[in-house]
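When the letters of the sequence shown are read in order and numbered with the numbering used here, they come out as residues 3 to 122. Cβ coordinates follow ideal geometry from the N, Cα and C atoms, glycine included. Source: prediction; values computed, not measured.
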Amino acid sequence: MTGQTEIWHNPRCTKSRNATAFLDAAGVDYTVRRYLDDPPTVAELQTVLQRLDAEPWDIARTGEQIAKDLGMSGWGRTATDRDRWIEALAAHPILIQRPIVLTGGGGVVARDDATLQSLA
């Protein structure tokens with residue numbers, strides 16, 4: 003991994019804990035952002051989405067109760083809908099898929115070992 007590595011981490015999430023264990027075992031120097039305690043701004047989310055080469059609906063946890071309350075499953079998924087999604091993620095960080103691992107070369111949503119291995 004090149005450059006500064008950061009993980010958006012929820013310590014209560016098994017996949018997130020697995021990702022930090024992988025980074026530790028690989029000897030990667032990284033910083034932890036507990037994004038539920040330190041929610042990202044709209045601007046930060048826009049930057050992260052660009053680094054992930056993803057759309058906001060790609061990193062949204064639509065199964066969460068707040069997503070159901072907001073009716074997100076019925077939201078459009080076009081360029082004109084993008085801001086609405088990003089604003090919802092910023093307002094409700096529990097909706098952000100985890101863990102997100104950002105590296106100097108981009109980033110991934112590291113939900114499985116194969117994705118983590120792709121960072122090496």
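Check whether residue i and residue j have beta carbons under 8 Å apart
i	j	result
L97	A69	yes
W99	V110	First, the amino acid is wrong: residue 99 is Gln here, not Trp. No, Cβ-Cβ distance for Q99 and V110 is not below 8 Å.
W77	R63	no
Minimum C-alpha distance to residue i - residue among the options
i	options	result
T127	T33, A27 and A23	The displayed coordinates of the chain run from 3 to 122. Any statement about residue 127 would go beyond what the structure contains.
L91	S120, D40 and L118	D40
I88	Q52, Q48 and W77	Q48
T80	G73, W59 and G65	W59
R84	G106, V103, G107 and Q52	Q52
R19	T43, G65, I102 and G107	I102
I9	Y37, A28 and A27	Y37
Buried versus exposed, by CB contacts within 10 Å (16 or more), residue i
i	result
A93	exposed
A116	exposed
A45	exposed
S75	exposed
A21	buried
P13	exposed
D71	exposed
Paired residues, beta bridge with residue i - DSSP
i	result
Y32	T7
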